[in-house]
Structures are given as C-alpha cells and as structure tokens.
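Going letter by letter, the sequence shown gives residues -26 to -1, 1 to 242 in mature numbering (1 follows the signal peptide of the UniProt record, and there is no 0).
Beta carbons: idealized from backbone N, C-alpha and C, even for Gly.
Quantities reported herein were computed from a predicted structural model and do not represent experimental measurements.
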Amino acid sequence: MNISKTILLSIIFAILLFNAGNNVLANNNDRQVVARFGADTVDVKSEGAPFTTCNDCVSIMTDTIDDLIGILMNSGVMASCNDLCSRLSNHYENIACMLTCVYFGLEEFSNLVLDADPDPIFMCEVIDVCPVKMTAAGNITNFDIVPSSGPVGTTFYANINYTITSEIGTGQIVANLYDTNNLGFGFYNLLVDTAPGDYYVSFPFQSQPSEMEPFNPGSFLISVGLCEGFCGSIHKYTIILSVVNDNFTISSNTTTNQIGHTIYDLSM
C-alpha cells in the first residue's frame, strides 16, 4: 500500500466532490461544464452544493466510499472509468469518481479504493469542511452492557459515559462488536466541535441472527473507543483518546410453543 497515493486520492476526491457543487457551478443554474480526458467525458450540471456542514460531508463521503467498494466487489471487471462511475446514483459522487478515476487510471483507482483505507473524516478535514483539534483529550469513564447475558434475539444496550477534557474537532465515539472468530460490526456517533464536559450515549442492538453475524451461543467482545478523527484510521489527524472493553454472553435458552415455533426466553 502506498500511503502517499492514499492521501493524494483522499485529497483529490474530496476537493472534487466539494467543488462540484460549491465552487465550480454554484452561481449559474444554466451553466454546464464538460471535462474531457481521452475517451472519458464528464458532464457536470449545476445542482447546488452537495454539502455545507461537516456532518453532511462525512455522510456523503461514507456513502460514496461504500457504494464504490460495493460496485467493485460485486460487478466484476470494469471497462472504463465511465463504466465504474456511472453506476453511482448520486450526481456529485459520479463527478468526483470520474475525475479522480481518470487522474489515477482505472486500475490504480480501483486498487486504492479497495486497499488504501479510505477515511471519510480525513477526506472532509483536508478540504476544511470538518475541524481538526490535535489537542483533543478525553476518557471513557464508564461502560456496561445491559443485560450482560441473554438468549438469541435479546436486545442489548451498550451504555457509555465519557468525559471530554479538551475539545474534539471531529471525532467518534464507537462501539465495535466481535464474535469468537473476531468478526462483527459496529456503531458510532460523529462528534463535531464537541466541548469539554460529561456525555452519555447508548447503542442498542438486537442479537438477531443474520448472514453477517449468526449470534451463536458464546461470549462476545464489545470494544468502545473515543477518538479525534476516524477511530482506527491510518491517516493523520487521528488520535485514540480512550478504549474500554467488555463482554456479553449469548445463551442457548429457548422454548417452543404448541405449534412448534421457537420462542426466545427474554427474561434473563
């Protein structure tokens, strides 16, 4: 993995997505810009700014990255940048994808999206939409899982108290769940310009089996993190401020009703 190319990808993609709505076309509803790079053409129409706040920026960047990864993973070999980027439904995603893909080339762009740890918060920070506070500080002061055990189907709550002692620019409070195979999923709240003080958040989740997580009986780990930047990112502007772990247990207690349907015992 080439870190310099990773950062360059993030900066170029973020600037293009931001400028597509904010600068290049914001003042003329009838204006149309056509950018040509060899056989690829980008037709840009004025539709207003894609985002004006940090929350909007991170949301759009996250959706764009997820959409691109999904397309690359599920659609096979792409013939051109246009073939790849035209599959994005959002107009601004399409523009930014097209221009960045043409800059790097289809193969290099695809590899970077899949392998370079794209970070939506970092991408919004480098275009000055999201604030950065490298002096951020704070601690997770209490974390518990309620209930601590229950059968499949139980709704658990990850309850977190945390204290910020020096303002967070853009960061996260996250809860990542891992099973015995170290697989799982996570939840997070985006923190923007978060002042010193005491805070509380509760993440509910239902232990309902799915393709992603079967919730087989056993012990599960939840790791909670407080960060400036995107927790776990390899990019700058990221500081892990505090991490706390706890476990909960999925038991095998179930009952069956008179017509043979399984009823989960939620009384534990």
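Can you give the beta carbon distance from residue i to residue j, rounded, assuming they're within the 8 Å contact cut?
i: cysteine 31; j: valine 87; result: The pair is not a contact, with the Cβ atoms about 18 Å apart (cut-off 8 Å).
i: aspartate 153; j: phenylalanine 194; result: 6 Å
i: glycine 143; j: valine 106; result: 5 Å
i: serine 225; j: serine 123; result: 6 Å
By Cβ distance, which residues of its chain are closer than 7 Å to residue i, with the 5 residues on each side in sequence left out?
i: cysteine 59; result: Asn68, Cys71, Met72 and Cys75
i: aspartate 220; result: Phe117, Asp118, Ile119 and Ile196
Expressed to the nearest angstrom, what Euclidean distance is found between the alpha-carbon atoms of residue i and residue j?
i: phenylalanine 177; j: proline 188; result: 19 Å
i: alanine 111; j: cysteine 55; result: 42 Å
i: glycine 160; j: valine 148; result: 7 Å
i: isoleucine 39; j: serine 33; result: 10 Å
i: residue 301; j: valine 166; result: As displayed, the chain neither begins before -26 nor continues past 242, which places residue 301 out of reach and without an answer.
i: tyrosine 131; j: asparagine 150; result: 13 Å
i: glycine 79; j: alanine 169; result: 42 Å
i: leucine 164; j: glycine 145; result: 6 Å
i: aspartate 46; j: glycine 192; result: At residue 46 the sequence reads leucine, which differs from the aspartate that was named. Those two C-alpha atoms are separated by around 35 Å.
i: valine 175; j: leucine 200; result: 12 Å
i: glutamate 99; j: serine 207; result: 13 Å
i: serine 84; j: leucine 62; result: 14 Å
i: alanine 13; j: tyrosine 77; result: For alanine 13, the pLDDT reaches just 42, beneath the cut-off of 50, and the residue's location in the model is therefore unreliable, leaving the point undetermined.
i: asparagine 133; j: asparagine 190; result: 23 Å
i: residue 248; j: isoleucine 101; result: In this structure the chain extends from -26 to 242, so residue 248 is not present and cannot be described.
i: histidine 65; j: leucine 157; result: 34 Å
i: isoleucine 95; j: asparagine 29; result: 9 Å
i: asparagine 48; j: aspartate 41; result: 11 Å
i: threonine 27; j: valine 51; result: 35 Å
i: aspartate 57; j: tyrosine 211; result: 34 Å
i: glycine 171; j: glycine 203; result: 19 Å
Could you tell me whether the Cβ atoms of residue i and residue j are closer together than 9 Å?
i: cysteine 205; j: isoleucine 214; result: yes
i: histidine 209; j: aspartate 93; result: yes
i: tyrosine 173; j: threonine 137; result: yes
i: methionine 186; j: methionine 97; result: no
Apart from the five residues just before and just after residue i, which ones in its own chain have a Cβ nearer than 6 Å to its Cβ?
i: valine 218; result: Ile114, Phe117 and Val198
i: glutamine 180; result: Thr129
i: serine 140; result: Thr109, Ala110 and Ala111
From the DSSP output, read off the bridge partner residues of residue i.
i: glutamate 202; result: Gly145 and Ile213
i: proline 178; result: Tyr131
i: alanine 111; result: Ser140
i: serine 193; result: Thr223
In chain order, what residues of the same chain lie with their CB nearer than 8 Å to the CB of residue i, ignoring the 5 residues before and after it?
i: glycine 44; result: none
i: asparagine 135; result: Ile114, Thr115, Asn116, Phe117, Asp172, Tyr173 and Tyr174
Would you verify that the beta carbon of residue i is, or is not, closer than 9 Å to some beta carbon of chain B?
i: isoleucine 95; result: This model lacks chain B altogether, as it is built from one protein chain only.
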